[in-house]
Structures are given as structure tokens and as C-alpha cells.
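Q: Going down the list, the sequences are from chains D and B.
Every letter in the first sequence is one number past the one before it in my numbering, and letter 168, counting from 1, is 168.
Counting from 1 along the second sequence, just add 1000 to a position and that's the residue number in my numbering.
Glycine included, C-beta positions come from ideal geometry on N, C-alpha and C.
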Amino acid sequence: MAYTLRGRIESRVAAALAPLIAGCVLALAIQAWWPVELAGLMLGVGLLFDAAYHRLVPYQPGWAALPLGLLELAAIMALARPLHIGAPLWAALLFYAASWLLAQVLAHAVFPLVRLSYGEDGGELGRAGAGVAATALVVLAAAGGVAWATQPPVVHLAAGVHEGPLVLDHSQQLQGEPGAVVRGGIVITADDVSVRDVTVVGGEHGIQVDSAERVLLERVSVLDATLDGINVRRGQVTIRDCTVSMVGNEYGQGIDISFTADFEPSLVENCLLTGGQEGIFLDSVHAMARDNHVRRTTLRGITVTEMAMVSVEENTVEDALGIGIFCSDYSMCDIRENSITGIRADRGSSDSMREGYGIVSHYWAHAEVEDNDVSQSPYEMGEFADAHITLE
Amino acid sequence: MGSGLAGFCAYATLRKGGLEPAEIAVFGTDPDPAAAWRVRAAAIRQRRMRSESDGHCAPSSFPGLAVRAALRRRSPAPLLRSVCDRYHPSVDEFLEHVEELRAASGWNESFRLGRVESVRAVEGGFALDGHGVFPHVLLAPGHPGLAWPEGLADDPRAVHAYEPHDYADTVEIVGAGMAAATEWLNALAAGASVVSVRRREPERRPLNLPRELFSRRGLAGFHRTPPAERIALLRRYGAPSYPAGRDWDEPVESARKSGRFRIAPELNGAPQVVCATGFKRGFRHDPLLARLVAEHGLETAGDWIVLTPESTVGSLTDGARTLALAGAPAQWAFPAADTLMGAKYAARRFLRRVNAWRTR
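1) Check whether the Cβ atoms of G204 of chain D and G185 of chain D sit closer than 8 Å, and answer yes or no.
2) Count the C-beta pairs between the region 223-236 of chain D and the region 188-202 of chain D that are closer than 8 Å, then say yes if the count reaches three, no if not.
3) Check whether the Cβ of P1059 of chain B lies closer than 8 Å to any Cβ atom in chain D.
4) To the nearest angstrom, report how far apart S352 of chain D and G382 of chain D are at their CA atoms.
5) Excluding the 5 residues flanking D291 of chain D on each side, which residues of the same chain have their C-beta closer than 7 Å to its C-beta?
6) If you reduce the DSSP assignment to three classes, tell me which class T1182 of chain B lands in.
7) Suppose the cutoff is 6 Å on Cβ atoms and the five residues either side in sequence are ignored; what does the same chain contact list for G1125 of chain B look like?
8) Between Y1011 of chain B and chain D, is the shortest Cβ-Cβ distance under 8 Å, so that the two count as touching?
9) Let me see if you follow: with CB-CB separation under 8 Å, is E1214 of chain B close to chain D or not?
10) What in chain B is Cβ-close to G122 of chain D, meaning under 7 Å?
11) Check whether the Cβ atoms of Q53 of chain D and R8 of chain D sit closer than 8 Å, and answer yes or no.
12) Over what stretch of residues does the alpha helix (DSSP H) that includes T1013 of chain B continue unbroken?
13) Are the CB atoms of R1348 of chain B and S99 of chain D nearer to each other than 8 Å?
14) When DSSP labels each residue in this structure, what does H1143 of chain B get in the three-state scheme?
15) Find the residues of chain D that neighbour S1082 of chain B, judging by a C-beta separation of less than 9 Å, and give them in chain order.
16) Please check if any C-beta of chain D sits within less than 8 Å of the C-beta of D1085 of chain B.
17) I'd like to know if F1008 of chain B contacts chain D, where contact means its C-beta is closer than 8 Å to some C-beta of that chain.
18) Would you kindly check if the distance between the Cβ of R1198 of chain B and the Cβ of P1243 of chain B is under 8 Å?
19) Do A190 of chain D and L216 of chain D have their C-beta atoms within less than 8 Å of each other?
20) C1275 of chain B bridges to which residues according to DSSP?
21) Using a beta-carbon distance below 8 Å, is L102 of chain D in contact with chain B?
22) Quick check: is the beta carbon of S117 of chain D nearer than 8 Å to any beta carbon in chain B?
23) Output yes if chain B places a C-beta closer than 8 Å to the C-beta of L113 of chain D; else output no.
24) Enumerated in chain order, which unbroken segments of the alpha helix (DSSP H) with a length of 4 residues or greater are wholly contained in the region 30-93 of chain D?
25) Let me see if you follow: with CB-CB separation under 8 Å, is F1222 of chain B close to chain D or not?
26) How is the alpha helix (DSSP H) around N1108 of chain B delimited, first residue to last?
27) Suppose you measure from the CA of L79 of chain D to the CA of L48 of chain D; what does that come to, to the nearest Å?
28) DSSP puts H162 of chain D in a beta bridge; with which residues?
29) Under 8 Å, with one C-beta from each stretch per pair, do the region 1281-1292 of chain B and the region 1075-1087 of chain B reach the 3-pair mark?
30) What did DSSP end up calling T1339 of chain B once you bin it into helix, strand or coil?
31) With DSSP as the reference, identify every bridge partner of Y1087 of chain B, one or two as the case may be.
32) For A18 of chain D, collect the residues of the same chain with a Cβ closer than 7 Å to its Cβ; drop the 5 residues on either side in sequence, then sort them by chain order.
33) How big is the Cα-Cα spacing for A1270 of chain B and D1155 of chain B?
34) For G358 of chain D, does the count of other Cβ atoms within 10 angstroms reach 16, so buried, or fall short, so exposed?
35) Would you mind telling me which residues of chain D sit closer than 8 Å to D1338 of chain B, beta carbon to beta carbon, in chain order?
36) Does any residue of chain D bring its CB to less than 8 Å from the CB of F1062 of chain B?
Quick look at the structure:
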């Protein structure tokens, strides 16, 4: 078909209406916003591409829908991560494929049937086009309105020192003003809590998440905690852009996420962790540790253990004692593109694993390893106690 | 209306739009809407349509002939070819579709045997000879006759491609369009030597015109052109063309290598001359249209009656009546008016006007 620009836009919006509505219904059913966000993103990307197609594709044969659909899919996938659309991959692909298929059926069969001149009008829908566009706008606005209205309340934490422990036991967004400090820790026990731009000093755990899901910790700084910097039990968290200092803490972990294997995956991203026994400790979890910087730990840099399934990607581990990245106890680890440097042999230990390994797979664990850079360390990697390492 | 394929497309569209057979009168000399086309297709031994899946007479482009073929053959191959713009229905499939649609649409109930010689604008509509007054008239008179090269109409050696004929041992084929290309292959297949008489190289494109001109994308600019420019465009669009592809090129190339095919700028005394030169062009060759223009002082430009983009005669069309043209004479509104797509373009706009009038 030789679409006009208006025809492309009207056809696009009309075809997006059903996915938008389906996204709203799905969002209600699964209590998650990603279907609406994904449907909105698909429409937005599609409209942007339509503007380009108008010049580049004066006539679009039927077969072209496939490569153009794949191109749009790639753009959507590239944008989904920075826009924090938390859609499970398979579900998102299924949603996209169903929407694409529906759009083809509409363009090739339904629209020509209901509007006889659809083809010669270049995909324009006449008066119905404006109606459909208005309906799509209403659906988007309604979904956006509901999303806005159901957002957890924003609680502003003023600059200055606040005595803790601060207990967050209902859904909310705690937003720290510049200079906001909580002394004595934060305890989160409710779902849908976010904490941003707060410094936590002291406390048994700097931030403790207990039986709470969809928790977001963003741009938080933790120092001088007695046990762990951030401690998560039976919960699901996204920790992003954090700083945890455990310097001088003999037994604590920078971030410890444990016993959450039956929850949605957790994410630790772009955090700076200094000191303590281990920088990131992931025990019986599904999780991803990505783009973090771990240094000067006294036991291991990053630990994955006890049947955990974890991706460890693009992290920097430096100046750790004994082991850089440790995959243990029937865990499955995907260890890629990490930089591990300056791992020192632990002369105070008789454990052969601790002689300065960049990567260790231990006790029936299986680590898939690809493109890691281990330097200034006695050993690059080692397998112990029936564990395996597969080089990709 | 006329009773050829353009009239038939309009009839099917009007029926889809809710008009009953009793509300439509079709005037013509043959109740078979494909009668004239069938003879021409048989004369040039055409086996496949140049048009694609949506080259049919049904009012909606879906389901096209590829879908029907896929269902009938229980094979996705026609659909796959269609999405690649490589599906061309056979002439038999097309004619079968015309027969089915004719039976299903009630065409025979609306058909009235008789040629309309004149159309006059009168109070409340248009008087068609002695057939009465009709508020909305769509004229689809078809092509005004075969075009013969100068001096060949009475030459005993000459036969028109669209008239039944066989082939002599050496054939000169005048023209370079789809019919001419088909005749090259026919004559070669019959064992003849072929001289292609042409003064310029034909364009190679899948359809009669670039695809954009079949939709508003290309039409919007076309409709904005001033008369002189539009005349030049229509003349350019009328240049001969036929599709690219091995099916066309390989037999010709093979014959050329063996000395059985060559190109010449002039006739050179062959025992048979096949004139693949299409049809006469312009309203002046059609008595009905020529009289209409003369009696009503219609605006014309070159060989064309000036039409609105809706394919109507603007000076004779208002809220109470419509005079529309379809088929070859409607090129001022739709350059590919003599195709099935062009027939439906005029028909759909005619339906809109009729429906708007009915619901006033």
C-alpha cells in the first residue's frame, strides 16, 4: 500500500487501540503497569517510525511489514530498559507479536472491509480515524490518570539528620532533600516503597527490607552499619546507583539479598561497595548484579550461593582478599564481562580456594563465564568440590 | 451506467452500499459484463492478469483473488506470492470471479438491454434517451474503439491485436505495451519470426502506472496540478509499459539470439502486421461523450473532460444530482481509470454521493 502520512498514523493508532485496552485489562489482572507502559511505548515508537517511513517507504509491499516490525521491536526493546518498563521478556514479546499480528489482520482485511476506499485513501480512515484517535487518547489518558492517582504518596525527608530507625510500613515514595540523613537505619516492611536520595548512617542494617516486594532503593548512601549495609529477606528489590561503605566492618556485607528465589528477580545496579566481608551477597535468589564497583572486601567480592540463579555482568571487583567472584552450592551463575583485578591470596587461611582466584565455582555450582578480564591476581579461575566452569 | 467491467464494479459497489437491484438501472448491449474484455483477452491469448490480488470487481479489496485461490487450492502459496506483489490471477480465475459476483449481486435484475445515445441534464437529474430521468448517473462507456496506426486500418495485411487472429511466418508487431509484449511471445510460440516495430523503448513496471498513483499519496499531488501540467502527465502516463521479469524477457532474448526477433523503427513489408496499439483516446471519439460536452458546454482539457477529484462532472453535479464518469474517460480524476482499481475509485465516490443524497 502507498500510505499517506495521515493514513499511516490513523492506521497505527486504530491498530493500537485494542492492545492499549488489552494492556489496561492485563494491568488490572496482574496488578502491574508494564502492559500499559509497553502498549504506550509501542504506539509511540510506531508513530515516530511512521514519520520516517513516510519519506523512505513510498510504497510498502505486504512483506515489508515483517522487517519493519522487527526493526520496531528492536527499538522498543532498546528503550524498555532505560524507561524502566519491567516487563518479563517472554510476555513482552508475546504481547508485541499479538499486537503486530492484529495490526496485519486489521490493515489487510478488516479496514478494507469496513472502509471500501481504505487502500486508495492511503490508509486513512475518514471520520472514523479521528474518532479512533480520540478514543486511543482517552484510553491512554485514563490509564495515565489511574497510574498517577494510584501512585504511592510522596514523602519528603527534609535536609538534616533524622533519628531512626525509620520504619516504612505502608506504600510510599520517600524522597530525600539534599542533605537528608537518617541515623539508625531504615526498615521497610511494605510493598511498593521507594527510597531516593537518602543517606543512612549506622543502624544494625543500614536499610533492611523484610517481606516487601517492588521496593526501589535509588541513590541511597549507607555507612557505618553494624551488620549489613542493605539487607533483604523474603523480598524483591531494585537497588540502583547506591553507595555502601563497610570500611572497618569485620563481618557485614555491603548488600545481602537472601531467600527470595520464589520472588520476581532482584536487581543491583551501578552501586559502589567498599569494605566488609563481601560486597554483594546473593543467597538463594534470582537476581542480576550489573555494573557495580566492589572493592577492598575481606572474604569475597561478589558471592552467589545456595541454589541461586544470578547474572553477574560488567562489574568491577578490585583489591579483594581470597576470591573475586564466588559461585557456590548448586548455584547457576552467568558471569560475563567483569573486570577483576588485584585479588590477593589469603595467607591466613588454609583453604586452597582462597589463594587469590578471580572466579571460583564451588560445590556443584555451574558458572558460565565469558569475556571477563582477570588481572594482577594469582589465579584467573578455579573449580572446586565437583563444581563446573563453562567457558563461552 | 454501462454494462462493461467498469459499470459492473460500480454496480457491485452500489449493492454493497445498500442499494437494491430495483434502484439501479444498468444500460448496455450485452448482459455479460466481461463480454468485451473476454474477446480482447482471448484475442491476445492472455493467460494471466497484469493486476494483482485486488484486481477484481468486488467492492471491498478483501478478500482478494489470492485469498480465494488459497482457499480453493488449500495452499498458502497464492497468499505468499501476494504479499510479495507476485500474485497475478489467471484470466480464467478472474472470469470465474466475475460470473460468481454477477450471479450473487442481482446484476441481471438491473440490466436493461439498450444503448444510451445521449445524456441531457434536466430538472431533477439526467434524461437518458427515452429511458427516463435519473438523479444520479455514472457513465462507463468503455473504450471508444480500437486505435490503428495511420494508414493501416484498411491494409489487408493488418490485424488488430484485440481482434481474433493467427500468425504468419513473419509478423511485424506495432506497439510496445502489454498487448504488444504478449503478442511477441504468442507469435514466437507459434513459430513466427517477429519484428517489433516501435520508436521508443517501453517502460518496465508491474502495473499500468507507478503504485503511488493508485492511492491518495500520489493522487493528491496529481489533483493539484494545473490543466496544462496534468495533460502532460496523462500523456506521459499513457506511454507503453509492460512488467519486468524472466517470463517476458527469456523467450524474446532466446529468439533474438536465433534471429527470430528484432526491433525496427518502421514497417518493412512483412506479410502480417499486428497492431498492438490499444484504443482510441479522448472523449471526441465517443459519440455519447462528445455530444454531452457539446450540448452542456463542459470544460475540457486536451483529450479529457475535466472532472473533480471525485470523478464527477462538476458543473452538472450538486446536492440533488450526480453525473460521474468511470473507466477510460475518467482519467482526469484517476490516471489509471481504465483499470479495475480505477473503476472502483469512481464507484466508491459515486456511492458516497448517492448515500449522502439518500440520507438527506
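A: Reading from the atomic positions:
1) Looking at the sequence provided, one finds Glu at residue 204 of chain D rather than Gly. A contact, by the Cβ cut-off of 8 Å.
2) yes
3) yes
4) 10 Å
5) E269, N270, E314 and N315
6) helix
7) V1133, F1134, P1135 and R1321
8) no
9) Here residue 1214 of chain B is Phe; the residue named in the question, Glu, does not match the sequence. Yes, its Cβ sits closer than 8 Å to a Cβ of chain D.
10) S1215, R1216 and R1217
11) Per the sequence shown, the amino acid found at residue 53 of chain D is Tyr instead of Gln. Taking 8 Å as the Cβ cut-off, Y53 of chain D and R8 of chain D qualify as a contacting pair.
12) L1005 to K1016
13) no
14) coil
15) G62
16) yes
17) no
18) no
19) no
20) B:H1160 and B:V1174
21) no
22) yes
23) yes
24) 34-56 and 65-80
25) no
26) W1107 to S1110
27) 13 Å
28) D:V182
29) no
30) coil
31) Beta-bridge pairing links Y1087 of chain B to no other residue.
32) L102
33) 12 Å
34) buried
35) Residues of chain D passing the Cβ test: none, with the nearest at roughly 15 Å.
36) yes
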